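Engineer: Below is one structure. I have some questions about it.
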Ligand SMILES: Cc1cc2nc3c(=O)[nH]c(=O)nc-3n(C[C@H](O)[C@H](O)[C@H](O)COP(=O)(O)OP(=O)(O)OC[C@H]3O[C@@H](n4cnc5c(N)ncnc54)[C@H](O)[C@@H]3O)c2cc1C
Ligand SMILES: Cc1cc2nc3c(=O)[nH]c(=O)nc-3n(C[C@H](O)[C@H](O)[C@H](O)COP(=O)(O)O)c2cc1C
Ligand code: FES
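Protein chains in written order, with this note's numbering: chain A, 1 to 300; chain B, 301 to 575.
Right under this line is the structure:
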């Protein structure tokens, strides 16, 4: 049986991709040289989140190690849409896999401008919307409010015919309702889970206790969130008919298989890549071996 | 390939075997068999984690690997200098001969050779002396450069670490060994004697900042080996940011850890070695 997967019209060599913001292919080429392309661990490459204007990111410290996980407040540093297109795109297009560009705006207009620009670029195979962002006018997380979400996705849908993936926020009262809203707005797929809102206080004893992270709060990822991810992926897959990309705490092929059995078509690896950059390849090889042993699980 | 140019790191972490661990005052020198690693450039580092019981310490940590300077290369061996400052370093200090160690590297940008006819002044504080040992080896292999070594420690037990390098002038905060006072006082004397020098520094943030400021005032080139909390070590997480001159941030793991001091307005409080 082939290991390949059809996903929103893309033919992928296997079902494992990276979580946005957890693998910088341009920096990795500097660190690992030509082995990056030769042993590229993911079946598609998802860029980190791109915004209209460039962002420097949050002040240090940006990381806190939690039990079995990581709280980050990176703050979405990126060169902005123009910088991404001028500087990054040509390098990312050389990767041996399709490119999915992840974008974030703070209004429906910003989102659709970003999506419209990506639509013009042949290097970009699909677009992922990071909707874990407060609406500047209402202060509510766009992705946490089904009505706003459907409106934003609708605006983006009108700006592109490329596959549109909506990356849901787990910090919402009713995640399946948000997934349904994304589908109603015209999404081709949903991905989840993004990081869970979390915080750590500075370890120093006595005196005023301040948040450790430069951004105040951050997002929790890694094994600590795996069980939450499984529950949310199962609930969303039961609710929508479009494909689901499952992620959260995947370290091994058995974790990826759990997400697939819960209804995911693709699985993304995030934080575990920090511990071993070859994790994606190892998870994909493990899934392949599981299939060979005939423990067949639903194919896409 | 010359010792100043770096080959890319293997694209996966590798399981190495511990050869032994030696005491050096409060520090430990971890020796691992490492035959296949590309020769590191002085100043490069590796991300390390034990193969067994990485996790389950205080607060269920450590989880992520930890960054360590490659302190020395011997044929088929890599050496690391460790100071127990928390759950990760504690677990590494417990390693014994035959134990497994996950290593990713060599990573990052290392030191640049000194300008022609400039002597090298190596300035190390505490566990920050580690990358200066392999740098001293490299400079002395070329024999073309005059090398001066200045090392500072908090107390006598830490000052035993000075044995990692040779010919060092030592300063201690408590006066138990060598000069009683700041390392930068020794540096100031050296620069007064002859300022045609290239300074190489690694240590706690306040020390690095004092070195940076002194070199900036006297127009002496300085290469600073910075540190930062790291999740990955290869540019993936953007967690190791330090502010750069003119706004924005550098990633210590891929833009450094060795940074030309002129790229910084100042060394931020989070960018140094444990003190
Ligand atoms: C490039 C580079 C080279 C280095 N070289 C060496 C070397 O040669 N030798 C050496 O001994 N060390 C070296 N270090 C430092 C070493 O990586 C750290 O001391 C180590 O990561 C500490 O881990 P730990 O678990 O022992 O301590 P931690 O508990 O992580 O404590 C270290 C510091 O981290 C902060 N902290 C405390 N709790 C947390 C938490 N939960 N999450 C995040 N931060 C926390 C505190 O500020 C604390 O002082 C280097 C670092 C870098 C970046
Ligand atoms: C350091 C870090 C940076 C991240 N940056 C982004 C980002 O830019 N955009 C995004 O949509 N998700 C981002 N994420 C979320 C991941 O893509 C993923 O959804 C999450 O980490 C859960 O997967 P994991 O447990 O395997 O890491 C980031 C996660 C981490 C840990
Ligand atoms: S440690 Fe991850 S980007 Fe530097």
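All C-beta atoms in this analysis are idealised placements derived from N, C-alpha and C, irrespective of residue type, glycine included. Bear in mind the structure is a predicted one, so any value in this text is a computation, not a measurement.
#1: Please report the residue range of the alpha helix (DSSP H) in which residue 488 of chain B lies.
#2: Return the first residue and the last residue of the beta strand (DSSP E) that residue 152 of chain A is part of.
#3: Taking all protein chains shown into account, decide if residue 174 of chain A is buried (16 or more other Cβ within 10 angstroms of its Cβ) or exposed.
#4: With DSSP as the reference, label residue 345 of chain B as helix, strand or coil.
#5: Cα separation between residue 11 of chain A and residue 367 of chain B?
#6: Taking C-alpha atoms, which residue in B:453, B:433, B:543 lies nearest to residue 574 of chain B?
#7: Under the criterion of a Cβ to heavy atom distance below 7 Å, does residue 203 of chain A qualify as lining ligand 1?
#8: Chain B partners of residue 68 of chain A, CB-CB under 8 Å?
#9: Do you know whose CA, among B:400, B:355, B:335, B:422, lies nearest residue 487 of chain B's CA?
#10: Assuming the contact rule is C-beta atoms closer than 8 Å, residue 332 of chain B and residue 360 of chain B should be a hit. Round their C-beta distance to whole Å, please.
#11: With distance defined between alpha-carbon atoms, name the residue in B:427, B:569, B:349 nearest to residue 371 of chain B.
#12: State the start and end residues of the unbroken alpha helix (DSSP H) segment that holds residue 184 of chain A.
#13: So, at 6 Å on beta carbons, what are the nonlocal neighbours of residue 150 of chain A in its own chain, with the 5 sequence-adjacent residues on each side left out?
#14: Could you say which of A:283, A:20, A:100 lies nearest to residue 8 of chain A if we only look at CA atoms?
#15: I need the boundaries of the beta strand (DSSP E) containing residue 472 of chain B, first residue and last residue.
#16: Run down chain B in chain order and give the residues with a C-beta less than 7 Å from the C-beta of residue 57 of chain A.
#17: Going by C-alpha distance, which of A:269, A:35, A:260 is nearest residue 95 of chain A?
#18: So who's on the other strand from residue 279 of chain B, going by DSSP bridges?
#19: Select from A:33, A:40, A:26 the residue whose C-alpha is nearest the C-alpha of residue 285 of chain A.
#20: On the DSSP bridge list, what partners appear for residue 124 of chain A?
#21: Counting Cβ pairs closer than 8 Å, one from the segment 22-29 of chain A and one from the segment 527-538 of chain B, do we hit at least three?
#22: For residue 159 of chain A, which of A:111, A:165, A:142 has the nearest alpha-carbon?
#23: Counting C-beta neighbours from all protein chains within 10 Å, is the total for residue 1 of chain A 16 or more, i.e. buried, or is it exposed?
#24: Indicate, with yes or no, if ligand 2 has a heavy atom lying under 7 Å from the CB of residue 341 of chain A.
#25: Count the other CB atoms, across all protein chains shown, that sit within 10 Å of the CB of residue 304 of chain B; report buried if there are 16 or more and exposed otherwise.
#26: Could you spell out where the beta strand (DSSP E) holding residue 233 of chain A opens and where it closes?
#27: By how many angstroms is the C-alpha of residue 314 of chain B removed from the C-alpha of residue 364 of chain B?
#28: Hey, out of A:3, A:5, A:46, A:71, whose CA is closest to residue 224 of chain A's CA?
#29: Below 8 Å between beta carbons: does that hold for residue 236 of chain A and residue 196 of chain A?
#30: Is residue 253 of chain A buried or exposed, if buried means 16 or more other CB atoms sit within 10 Å of its CB?
#31: With 8 Å set as the bound, which would you pick, yes or no: does the beta-carbon of residue 504 of chain B sit closer than that to a beta-carbon of chain A?
#32: Under the three-state reduction of DSSP, which class applies to residue 217 of chain A: helix, strand or coil?
#33: Identify the contact partners of residue 311 of chain B in chain A, using a Cβ-Cβ distance below 7 Å as the criterion.
#34: From the DSSP output, in three-state form, read off residue 572 of chain B for me.
#35: One question on the structure: do residue 18 of chain A and residue 50 of chain A come within less than 8 Å of each other, judged by their Cβ atoms?
#36: Taking 8 Å as the CB-CB cut-off, is residue 22 of chain A touching chain B?
Structural biologist: Quick look at the numbers:
#1: Numbered from 1 along the second chain, position 188 holds the residue referred to as residue 488 of chain B. First-last of the alpha helix (DSSP H) with residue 488 of chain B: 483-493.
#2: Counting from one through the first chain, the residue named residue 152 of chain A turns up at place 152. That residue, residue 152 of chain A, is in no beta strand (DSSP E); its alpha helix (DSSP H) goes 146-157.
#3: For the purposes of this step, residue 174 of chain A is taken as the residue at position 174 of the first chain. Label assigned to residue 174 of chain A: exposed.
#4: Locating residue 345 of chain B in the second chain gives position 45, counting from the first residue. Looking at residue 345 of chain B - three-state DSSP - the assignment turns out to be strand.
#5: Translated into positions along the first chain, residue 11 of chain A becomes position 11. Translated into positions along the second chain, residue 367 of chain B becomes position 67. The straight-line gap from Cα to Cα measures roughly 38 Å.
#6: The residue labelled residue 574 of chain B in the question sits at position 274 within the second chain. Selected option, being the one with the closest Cα: B:453.
#7: On the first chain, position 203 is the one that residue 203 of chain A refers to. At least one heavy atom of ligand 1 is nearer than 7 Å to the Cβ of residue 203 of chain A, so yes.
#8: In the first chain, the residue the question calls residue 68 of chain A occupies position 68. Residues of chain B passing the Cβ test: 355, 360, 363.
#9: Along the second chain, read from residue 1 onward, the residue named residue 487 of chain B stands at position 187. Per the Cα distances, B:422.
#10: As a first step, residue 332 of chain B is located in the second chain; it is residue number 32 there, counting from the start. As a first step, residue 360 of chain B is located in the second chain; it is residue number 60 there, counting from the start. Contact doesn't hold; Cβ gap of about 26 Å is too wide.
#11: To locate residue 371 of chain B, count along the second chain from 1; it is residue 71. Measuring from the Cα of residue 371 of chain B, the nearest candidate turns out to be B:427.
#12: Locating residue 184 of chain A in the first chain gives position 184, counting from the first residue. 175-185 is the extent of the alpha helix (DSSP H) around residue 184 of chain A.
#13: Reading the first chain from its first residue, position 150 is the one you call residue 150 of chain A. Here the set comprises 181, 184, 185.
#14: Locating residue 8 of chain A in the first chain gives position 8, where the first residue counts as 1. If we check each option's Cα against that of residue 8 of chain A, A:100 comes out closest.
#15: Within the second chain, the letter at position 172 stands for residue 472 of chain B. Unbroken beta strand (DSSP E) run through residue 472 of chain B: 468-472.
#16: Taking the first residue of the first chain as 1, we reach residue 57 of chain A at position 57. Per Cβ cutoff of 7 Å: 538, 541, 549.
#17: Within the first chain, the letter at position 95 stands for residue 95 of chain A. Considering only alpha carbons, the answer is A:35.
#18: Nothing can be reported for residue 279 of chain B: it is not among the residues displayed for chain B, which extend from 301 to 575.
#19: Within the first chain, the letter at position 285 stands for residue 285 of chain A. Residue A:40 is the option with its Cα nearest to residue 285 of chain A.
#20: Start at 1 with the first residue of the first chain, and residue 124 of chain A comes out as number 124. The partner list for residue 124 of chain A (beta bridge, DSSP) reads A:99.
#21: yes
#22: Position 159 of the first chain holds residue 159 of chain A. That would be A:111, whose Cα lies nearest to the Cα of residue 159 of chain A.
#23: Mapped onto the first chain, residue 1 of chain A falls at position 1. The pLDDT assigned to residue 1 of chain A is 46, lower than 50, so where the model puts this residue is not dependable, and the model offers no usable value.
#24: The question about residue 341 of chain A has no answer, for chain A in this structure spans 1 to 300.
#25: Position 4 of the second chain, counting from 1, holds the residue named residue 304 of chain B. So residue 304 of chain B ends up on the exposed side.
#26: Taking the first residue of the first chain as 1, we reach residue 233 of chain A at position 233. Segment 226-239 is the alpha helix (DSSP H) holding residue 233 of chain A; no beta strand (DSSP E) there.
#27: Translated into the one-based positions of the second chain, residue 364 of chain B becomes position 64. Translated into the one-based positions of the second chain, residue 314 of chain B becomes position 14. Rounded to the nearest angstrom, the two C-alpha atoms are 15 Å apart.
#28: Numbered from its first residue, the first chain carries residue 224 of chain A at position 224. For the residues A:3, A:5, A:46, A:71, the minimum Cα distance to residue 224 of chain A belongs to A:71.
#29: In the first chain, the residue the question calls residue 236 of chain A occupies position 236. In the first chain, the residue the question calls residue 196 of chain A occupies position 196. It is not a contact, given that the beta carbons lie outside the stated cut-off.
#30: The sequence position of residue 253 of chain A within the first chain is 253, counting from 1. When all chains shown are included, residue 253 of chain A counts as buried.
#31: Against the second chain, residue 504 of chain B aligns to sequence position 204. With 8 Å as the cut-off, residue 504 of chain B does not count as an interface residue toward chain A.
#32: Start at 1 with the first residue of the first chain, and residue 217 of chain A comes out as number 217. Three-state result, residue 217 of chain A: coil.
#33: Start at 1 with the first residue of the second chain, and residue 311 of chain B comes out as number 11. The answer, in chain order, is 32, 35, 36, 39, 277, 278.
#34: Taking the second chain and counting its residues from 1, one reaches residue 572 of chain B at position 272. If DSSP states are grouped into helix, strand and coil, residue 572 of chain B belongs with coil.
#35: By one-based count along the first chain, residue 18 of chain A stands at place 18. By one-based count along the first chain, residue 50 of chain A stands at place 50. Contact: no.
#36: Along the first chain, one-based indexing puts residue 22 of chain A at 22. Yes, its Cβ sits closer than 8 Å to a Cβ of chain B.
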